[in-house]
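Q:
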Amino acid sequence: MYKIIADKLFNGEKTLEDRVILFDERGIHHVGSDVKEMVKETFRAKFLTPGFIDLISGIGLKEESLGKVEGNDLDEATNPQTPELMALDGINPYDEAFPKAVRGGVTKSLVLPGISNSIGGRGSVIFNFGNNILEMLIKSPFGMRFSVNTEPKETYMKQKKMPVTRMGNAYLIRDALFKAQEYKKNKKKFSLFEESLQGVLDKKDKAFFSSFRADDITTSLRISDEFKLDTVIAHGFEGDLVIDEIKKRNVPVAFGPIILAKETPELRHLSVQVPAKLIEGGVTVALVSGHPYYPAEFLRLQVGLLIREGVERDRALKTITSVPATILGVEEFGRVKEGSKCDLVLFNGVPWETKSQVEKVFIKGKEAYSRRLPM
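Everything in the sequence shown is counted per our numbering, starting at 330 for the first residue and increasing by one.
#1: Is any beta-carbon of chain B found at less than 9 Å from that of Arg-637?
#2: What span of residues does the beta strand (DSSP E) with Arg-451 cover, start to end?
#3: Using CA atoms only, rank isn't needed, just tell me which of Val-612, Thr-613, Glu-626, Lys-513 is closest to Glu-393.
#4: Give me whichever residues DSSP pairs with Ala-335 in a beta bridge.
#5: Who are the near neighbours of Thr-648 in its chain, counting only those whose CB is closer than 6 Å to its CB and skipping five residues on each side?
#6: Under 9 Å, do Asn-457 and Ile-388 count as touching if we go by C-beta distance?
#7: Can you name, in chain order, every residue of its own chain whose Cβ lies under 6 Å from the Cβ of Glu-480, other than the five neighbours on each side?
#8: Identify whether Asn-498 lies in helix, strand or coil by the three-state DSSP scheme.
#9: Quick test of the definition: if touching needs 3 or more C-beta pairs under 8 Å, does the stretch 347–356 touch the stretch 413–429?
#10: Between which two residues does the beta strand (DSSP E) holding Met-473 run?
#11: Could you spell out the range, first to last residue, of the beta strand (DSSP E) harbouring Leu-673?
#12: I believe Gly-449 touches Arg-629 by the beta-carbon criterion, under 8 Å. Please report the beta-carbon distance rounded to the nearest angstrom.
#13: What residue range is occupied by the uninterrupted beta strand (DSSP E) comprising Gly-356?
#14: Looking at the unbroken alpha helix (DSSP H) that takes in Asp-573, where does it start and where does it end?
#15: With DSSP run on the structure shown, which of helix, strand or coil describes Ala-625?
#16: Which residue or residues does DSSP assign as beta-bridge partners of Lys-437?
#17: Grab the span of the beta strand (DSSP E) containing Phe-584 for me, first residue to last.
#18: Taking a contact to mean a Cβ-Cβ separation below 9 Å, would you say Phe-339 touches Asp-643 in this structure?
#19: Give the secondary structure of Val-687 by DSSP, where H, G and I count as helix, E and B as strand, and everything else as coil.
#20: If I measure Cβ to Cβ from Tyr-512 and keep anything under 7 Å in the same chain, skipping five residues before and after, which residues do I get?
#21: For Thr-548, name the three-state secondary structure that DSSP assigns.
#22: Going straight from the alpha carbon of Glu-370 to that of Thr-650, what length do you get?
#23: Which residues in the same chain as Ser-553 place their Cβ atom closer than 6 Å to its Cβ, once the five residues preceding and following it in sequence are excluded?
#24: Using alpha carbons as the reference points, say which of Asp-336, Lys-576, Phe-381 lies closest to Phe-691.
#25: Report, in whole angstroms, the separation of the C-beta atoms of Phe-507 and Phe-541, which I expect to be a contact under 8 Å.
#26: For a test of the three-state rule: what should DSSP assign to Leu-414, helix, strand or coil?
#27: Please report the residue range of the beta strand (DSSP E) in which Leu-616 lies.
#28: Check each candidate in Asn-515, Lys-518, Arg-503, Lys-695 and name the one with the smallest Cα separation from Phe-538.
#29: Exposed or buried, what is Ser-362 when buried is set at 16 or more other beta-carbons lying within 10 Å of its beta-carbon?
#30: The beta strand (DSSP E) spanning Glu-696 covers which residue range?
#31: Counting only the same chain and skipping the five closest in sequence on each side, list residues whose C-beta sits under 6 Å from that of Gln-631.
#32: Based on Cα-Cα distance, which residue from Lys-487, Leu-634, Val-477, Tyr-485 lies nearest to Pro-680?
#33: Just the Cα atoms here: how many angstroms apart are Thr-683 and Asn-408?
#34: Which of the three DSSP states, helix, strand or coil, is assigned to Thr-560?
#35: In terms of DSSP beta bridges, what is Asp-353 paired with?
#36: Can you look up Ser-520 in the DSSP assignment and give me helix, strand or coil?
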């Protein structure tokens, strides 16, 4: 058994003062005032939080410090409809970005295939720490990537095949979903393509629609309505322009990355004010890094930008803890309470400030990072 004495504890819902946590590899056994209990070691934290969750990431698929071919397994840009692909088959657990993410307090990621294809494939929820991918695995497959933006057009225009327009892109998504519906009614011959889409059609899995512009967001919402999908809007940089449509469907937005150069017209509306407006308007928002486009290690700094825009501090911290945990169906990882999993980050200051540092990280009750030890 181990003990943490925390000046402040964000438990996934609110910040509490002067709390003591007892934990081991089985989970968290006590949260409250100090108790007399034999422990192996006691740690202190100025601020204690659940491990952060990066809800949209390509970590391990597009590796750091490698070239355009080796280490890049993010996009299978040879066929615009690839629902049968699994991110798990491409993740390199030895990507240098994993220990860096943990160093930043990001302990878990939903890794999805890239956005070059209209339907990119299925994701995996993983710990960012472990000796191999099987040890890192939380749940897989989870999440189907749909891409409703300019990227499929740009990718396949060069190959002179559909889609070269937004109409063609939407058609390919509908076509695949319709065929999967028909396949379910009359399974004459096994098809991995159609089988891979059954989870989203049955609402046993979530559909992640990557859309930046407002018109693309509404296209994603319309397709979701037509096929009754359990949808998350990914990125959603113009989400504030269609906030009413998002809110009335109770669709979450995985917003980000906030810190991103506006190198394409789709990004011109990108602003930290957008997620702030979405939250103010009652939309469920999680912040994401979109790694490797913004390093997962610095996910927490985006929380500081939200707070600067007037979002209440606890509400801002929820965007990288309890909110993504709920979306992923792993609520036990997004909160610090008795009976929850031991997934903890100890800070020497408030998490969203640049001068604050992560002192220690515990994943599954084991020390995954210590600032005083070499990485």
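Cβ coordinates follow ideal geometry from the N, Cα and C atoms, glycine included.
A: By the coordinates alone:
#1: Among the chains of the structure shown, chain B does not appear; only one protein chain is present.
#2: What you label residue 451 is simply residue 122 of the sequence shown in a count that begins at 1. Annotation for Arg-451: the continuous beta strand (DSSP E) segment containing it runs 448–456.
#3: To locate residue 393, count along the sequence shown from 1; it is residue 64. It is Glu-626.
#4: On the sequence shown, residue 335 is found 6 positions in, with the first residue counted as 1. Beta bridge pairing from DSSP links Ala-335 with Arg-348, Ala-374.
#5: Position 319 of the sequence shown, counting from 1, holds the residue named residue 648. Excluding sequence neighbours, Thr-648 sits near Val-614, Ala-615, Leu-616.
#6: Mapped onto the sequence shown, residue 457 falls at position 128. Mapped onto the sequence shown, residue 388 falls at position 59. Asn-457 is a Cβ neighbour of Ile-388, given a cutoff of 9 Å.
#7: Along the sequence shown, one-based indexing puts residue 480 at 151. Excluding residues within five positions, the ones whose Cβ falls inside 6 Å are Ile-444, Ser-445.
#8: The residue given as residue 498 occupies position 169 in the sequence shown. When secondary structure is reduced to three states using DSSP, Asn-498 falls in the helix class.
#9: Contact fails: fewer than three Cβ-Cβ distances are below 8 Å.
#10: What you label residue 473 is simply residue 144 of the sequence shown in a count that begins at 1. Residue range 466–476 is occupied by the beta strand (DSSP E) that includes Met-473.
#11: Counting from 1 along the sequence shown, the entry for residue 673 is found at position 344. Here the beta strand (DSSP E) through Leu-673 covers 672–676.
#12: Here residue 449 corresponds to residue number 120 of the sequence shown, with the count starting at 1. Here residue 629 corresponds to residue number 300 of the sequence shown, with the count starting at 1. About 27 Å separates the CB atoms of Gly-449 and Arg-629; that is not less than 8 Å, and the two are not in contact.
#13: Taking the sequence shown and counting its residues from 1, the one referred to as residue 356 is at position 27. Residues 356–361.
#14: Locating residue 573 in the sequence shown gives position 244, counting from the first residue. Per DSSP, the continuous alpha helix (DSSP H) segment holding Asp-573 begins and ends at 572–577.
#15: Taking the sequence shown and counting its residues from 1, one reaches residue 625 at position 296. Three-state DSSP puts Ala-625 in a helix.
#16: In the sequence shown, counting from the first residue as 1, residue 437 sits at position 108. Ile-382, Phe-456, per the DSSP bridge assignment.
#17: To locate residue 584, count along the sequence shown from 1; it is residue 255. Phe-584 -> beta strand (DSSP E) spans 582–584.
#18: Mapped onto the sequence shown, residue 339 falls at position 10. Mapped onto the sequence shown, residue 643 falls at position 314. Cβ distance < 9 Å, so Phe-339 and Asp-643 count as in contact.
#19: Residue 687 sits at position 358 when you count from the first residue of the sequence shown. In this structure, Val-687 counts as strand in the three-state DSSP scheme.
#20: One-based indexing of the sequence shown puts residue 512 at position 183. Counting only Cβ-Cβ distances below 7 Å, and skipping sequence neighbours, we find Ser-520, Glu-523.
#21: Residue 548 sits at position 219 when you count from the first residue of the sequence shown. DSSP places Thr-548 in helix when its eight states are reduced to three.
#22: What you label residue 370 is simply residue 41 of the sequence shown in a count that begins at 1. What you label residue 650 is simply residue 321 of the sequence shown in a count that begins at 1. Near 26 Å, if we compare the C-alpha coordinates of Thr-650 and Glu-370.
#23: The residue you call residue 553 lines up with position 224 of the sequence shown. So the qualifying residues of the chain are Thr-560.
#24: Within the sequence shown, numbered from 1, the residue matching residue 691 stands at position 362. Nearest C-alpha to Phe-691: Phe-381.
#25: Residue numbering aside, residue 507 sits at position 178 when the sequence shown is read from its first letter. Residue numbering aside, residue 541 sits at position 212 when the sequence shown is read from its first letter. In fact, because the Cβ distance is near 25 Å, the residues do not count as touching under 8 Å.
#26: Within the sequence shown, numbered from 1, the residue matching residue 414 stands at position 85. In this structure, Leu-414 counts as coil in the three-state DSSP scheme.
#27: Looking up residue 616 in the sequence shown gives position 287. Run containing Leu-616: 614–616, per the beta strand (DSSP E) assignment.
#28: If you number the sequence shown from 1, residue 538 lands on position 209. Nearest Cα to Phe-538 within the set Asn-515, Lys-518, Arg-503, Lys-695: Arg-503.
#29: Taking the sequence shown and counting its residues from 1, the one referred to as residue 362 is at position 33. Around the C-beta of Ser-362, fewer than 16 other C-beta atoms lie within 10 Å, and the residue is accordingly described as exposed.
#30: For the purposes of this step, residue 696 is taken as residue 367 along the sequence shown, with counting starting at 1. For Glu-696, the enclosing beta strand (DSSP E) starts and ends at 695–699.
#31: The residue you call residue 631 lines up with position 302 of the sequence shown. So the list reads Ile-587, Leu-616, once near-sequence residues are dropped.
#32: For the purposes of this step, residue 680 is taken as the residue at position 351 of the sequence shown. Nearest C-alpha to Pro-680 among Lys-487, Leu-634, Val-477, Tyr-485: Leu-634.
#33: In the sequence shown, the residue the question calls residue 683 occupies position 354. In the sequence shown, the residue the question calls residue 408 occupies position 79. Spanning the two alpha carbons is a distance of roughly 42 Å.
#34: Locating residue 560 in the sequence shown gives position 231, where the first residue counts as 1. In the three-state reduction of the DSSP assignment, Thr-560 falls in the strand class, which pools E and B.
#35: Counted from its first residue, the sequence shown places residue 353 at position 24. The bridge partners DSSP lists for Asp-353 are Gly-356.
#36: Stepping through the sequence shown from its first residue, residue 520 is reached at position 191. Correct three-state label for Ser-520: coil.
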